[in-house]
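Under full-length UniProt numbering, the first residue of the sequence shown is numbered 1, with each subsequent residue one higher. Worksheet: the structure to be examined is printed underneath.
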Amino acid sequence: MKKWFIALFVVIIACLSVLFGLKYIKNRPVKVEDLKRLYPVTYSDVVFANSEKYSLDPYMVFALIKAESAYKKDAKSSQSAMGLMQITPKTAHWIAEKMGMKDFSEDKLFEPTINIEMGCWYLQNLRQEFGKKDEIILAAYNAGRGNVSSWLQDGRYSDDGETLKDIPFSETKEYVKKIKQYEEKYKELYKQEFETKEVDNTK
Numbered sequence: 001m002k003k004w005f006i007a008l009f010v011v012i013i014a015c016l017s018v019l020f021g022l023k024y025i026k027n028r029p030v031k032v033e034d035l036k037r038l039y040p041v042t043y044s045d046v047v048f049a050n051s052e053k054y055s056l057d058p059y060m061v062f063a064l065i066k067a068e069s070a071y072k073k074d075a076k077s078s079q080s081a082m083g084l085m086q087i088t089p090k091t092a093h094w095i096a097e098k099m100g101m102k103d104f105s106e107d108k109l110f111e112p113t114i115n116i117e118m119g120c121w122y123l124q125n126l127r128q129e130f131g132k133k134d135e136i137i138l139a140a141y142n143a144g145r146g147n148v149s150s151w152l153q154d155g156r157y158s159d160d161g162e163t164l165k166d167i168p169f170s171e172t173k174e175y176v177k178k179i180k181q182y183e184e185k186y187k188e189l190y191k192q193e194f195e196t197k198e199v200d201n202t203k
């Protein structure tokens, strides 16, 4: 009886330790350094240069890269999308032709500089077609411009042919939501830091 009581007591203490340990971890402040590891800004010079060139919000580009490839330059999806911004070979060849890129080959999609510029060019191209609503541009990047065009013409999803009141693809809806959340976190973590650097560079 005594051994049973001791065993029960040990189990209760162990459970309480786990419970309070988890509560501590949950309530423990997250360090900025830890968050920055989760939200990297690798290739920031390339991102900022192309965001300026193609009139994009760089923090949206950072967010898109995180969502698409988690900053793995050699990422390749089951749909054959390649590189940081996960561009398919078919789309890449079309972009290369429009951009006037000579000697383009698919393996170049694994080169961060080329992949980011092509991805940013494509985002600008979508913006020229669909306007400045980021949600629509991101939806087109994920689901394709053909799907977004049909949604805009469908009264179930758009009231004015210019904005979407609903996205019928759940994957695309979550994709857009996720990138906007990532974008806000990137701005929270880095915007002041990068703006301060810009001011310092002008002195």
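Where a beta carbon is used, it is the ideal one built from N, C-alpha and C, also for glycine.
Straight-line measurement puts the Cα of I136 at about 7 Å from the Cα of F130. In the DSSP assignment, I87 forms a beta bridge with M82. Per DSSP, the continuous alpha helix (DSSP H) segment holding T113 begins and ends at 112–130. Counting only the Cα atoms, K31 lies some 32 Å from E117. In the DSSP assignment, K76 forms a beta bridge with M82.
Its Cα nearest to that of Q79, the residue A143 stands out among K36, A70, A143, C120.
Here DSSP, grouped into helix, strand and coil, assigns M99 to helix. Sorting S55, L35, P40 by C-alpha distance to the C-alpha of L126 places S55 at the top. Ranked by Cα distance from Y39, the first of M85, G161, K132, Y59 is Y59.
Boundaries of the alpha helix (DSSP H) harbouring A49: 44–53, taken from the DSSP string.
Judged by DSSP in its simplified three-state form, Y141 adopts helix. Counting only the Cα atoms, Q128 lies some 14 Å from K98. The residues A139, N142, A143, in chain order, have a CB closer than 6 Å to that of T172 in the same chain once the five nearest residues on each side in sequence are set aside. Contact annotation, L152 with G161: C-beta distance approximately 5 Å; criterion of less than 8 Å satisfied.
The beta-carbon distance between Y182 and A63, rounded to whole angstroms, is 4 Å. This is short enough to meet the 8 Å contact definition.
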